Amino acid sequence: MGPEDLAPLFPIELIMQEVTTERYVDIPEPVLEVYRQYRSSPLIRARAWEKKLGTPAHIYVKYEGVSPAGSHKVNTAVPQVYYNSLHGIRRLTTETGAGQWGTALAYASALFGVECEVWQVGASFDTKPQRRTLIEVFGGTVHRSPSQLTESGKAFPADHPGSLGIAISEAVEVAAQADDTKYALGSVLNHVLLHQTVIGEEALLQLAKAGEGAPDVVIGCAGGGSNFAGLSFPFLRENLVNGAGTRIVAVEPASCPTITRGEYRYDFGDTAGMTPLMKMYTLGHDFVPSPIHAGGLRYHGMAPLVSHAVHEGLIDAVALEQLECFEVGVEFARTQGIVPAPESAHALAQARREALEAKEAGDERVIVVGLSGHGLLELGAYESYLAGHLTDDALSEDALAASLAGVPAV
Ligand SMILES: *Cc1c(COP(=O)(O)O)cnc(C)c1O
């Protein structure tokens, strides 16, 4: 695949970032100007939570919920819209799961005078109407996916719960058909992960300021892999280049266990098979995850860069059930005062396991955990949890085998 294969979808600057071998890429000044509205994001020592857990561990939380859309997604939405705006692009299409990415792209689009059209996964569209309103407040348009507006959408019944894979097919289809329209992806691709490394670069400087050396463990939740890589890859660099011995752990939901139970092979990024094939951990592009509340973690694939690092044994992965994650989310809210997004609660749950292990072993390990966003628009999920309506929902072997059977032979 060469740059020209991606040209219908992305501006040239992003395509070149997709294939760059440079270690650093400068952030353009107009992007820095927007970042200054909410960055640096805080690195918080979670002392009240440490006390509650009775752990000698030092828990540092890198909090991306301070961004205008409430998550790390703004970090890539801004440069993506900026580069598109340089080429006179009138409209951007995209998909969104829980709605975080659609919100971030709508906000960034408003800043640079670009229209933003969002296909939202049906299950989230139905259960999170406030997300849609927020996207509309920022000037975006929202369609329930699968929609009747695209061939990819028409292949499914209108009441289908949808998936990120289907929504991606719809947004890509529309962008590929119009010259003045391009597509923006909120995760998975190399350029997205690159933009997110601002998180980890800041965290390294903040940790040094706090007088800590290399952390013992860095933890992030992984849906498509962008906040996880954004936080952890600068630490991975310290491991590879400077011999730091930091353990790096990706956390995924047991209902969508891409890294821990998927296969490492070529697959499509979307359901209709319109994207290039990517070598990655995958559950199969037909996979429709159960409608858990961590909507941002419901994706069948994983960023090729994260997949590669896992395959090389450079990072570890675990899959957790949602009840434990919500329990930790509530505990974190009651101690630190921040209601984490259900996705982020997965990372916090693994951090708690580490902190309790440290208590057992009596060591002062340093834990850095990515808090990718706040959950103030996910209160319906917390309501279900508090009412006792949530259940665990690990993926069955049969369902896994069925969806892996659809991965193309390459
Ligand atoms: C989208 C989202 C995620 C998952 O996406 P990644 O690309 O894996 O980071 C995690 N947390 C929040 C708050 C999100 O909005």
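For the sequence shown, UniProt numbering puts the final residue at 410, and the numbers step up evenly by one. Just so you know, even glycine gets a beta-carbon here, dropped at the ideal spot from N, CA and C. All values reported here derive from a predicted model rather than from experimental measurement.
Roughly how many angstroms lie between the CA atoms of residue i and residue j, to the nearest whole one?
i	j	result
residue 362	residue 56	7 Å
residue 135	residue 102	6 Å
residue 202	residue 154	44 Å
residue 205	residue 216	16 Å
residue 88	residue 179	10 Å
residue 255	residue 321	7 Å
residue 379	residue 114	30 Å
residue 46	residue 408	45 Å
residue 347	residue 220	5 Å
residue 83	residue 109	11 Å
residue 412	residue 26	Because the chain is modelled from 1 through 410, residue 412 falls outside the range shown and cannot be assessed.
residue 53	residue 355	8 Å
residue 368	residue 33	27 Å
residue 183	residue 137	21 Å
residue 35	residue 243	31 Å
residue 133	residue 160	22 Å
residue 117	residue 218	35 Å
residue 245	residue 107	38 Å
residue 365	residue 44	16 Å
residue 400	residue 172	26 Å
Any heavy atom of ligand 3 closer than 6 Å to the beta-carbon of residue i?
i	result
residue 343	Here the bound small molecules are ligand 1; ligand 3 is not part of this structure.
Just checking my contact of residue i with residue j at CB under 8 Å: how many whole Å lie between their CB atoms?
i	j	result
residue 412	residue 37	Nothing in the structure corresponds to residue 412, since the chain is present only between 1 and 410.
residue 213	residue 73	Not a contact, Cβ separation roughly 31 Å.
residue 300	residue 285	6 Å
residue 91	residue 181	4 Å
residue 188	residue 225	6 Å
residue 251	residue 222	7 Å
State the DSSP-derived secondary structure class of residue i, mapped to helix, strand or coil.
i	result
residue 160	coil
residue 402	helix
residue 286	coil
residue 58	strand
residue 129	helix
residue 274	coil
residue 325	helix
residue 297	helix
residue 393	coil
residue 370	strand
residue 253	strand
residue 195	helix
residue 235	helix
residue 87	coil
residue 187	coil
residue 24	coil
residue 247	strand
residue 138	coil
residue 268	strand
residue 146	coil
residue 338	coil
residue 179	coil
residue 113	coil
residue 106	helix
residue 39	coil
residue 1	coil
residue 263	strand
residue 220	strand
Would residue i pass as a contact of residue j if the rule is Cβ separation under 7 Å?
i	j	result
residue 475	residue 281	Coverage of the chain is limited to positions 1 through 410, which leaves residue 475 absent and any answer about it impossible.
residue 395	residue 257	yes
residue 60	residue 371	no
residue 373	residue 70	yes
residue 175	residue 271	no
residue 340	residue 294	no
residue 318	residue 352	no
residue 96	residue 120	yes
residue 290	residue 398	no
residue 66	residue 41	yes
residue 191	residue 14	yes
residue 162	residue 128	no
residue 125	residue 81	no
At the 7 Å Cβ level, is residue i part of the contact set with chain B, yes or no?
i	result
residue 325	You won't find chain B in this structure, because it holds only one protein chain.
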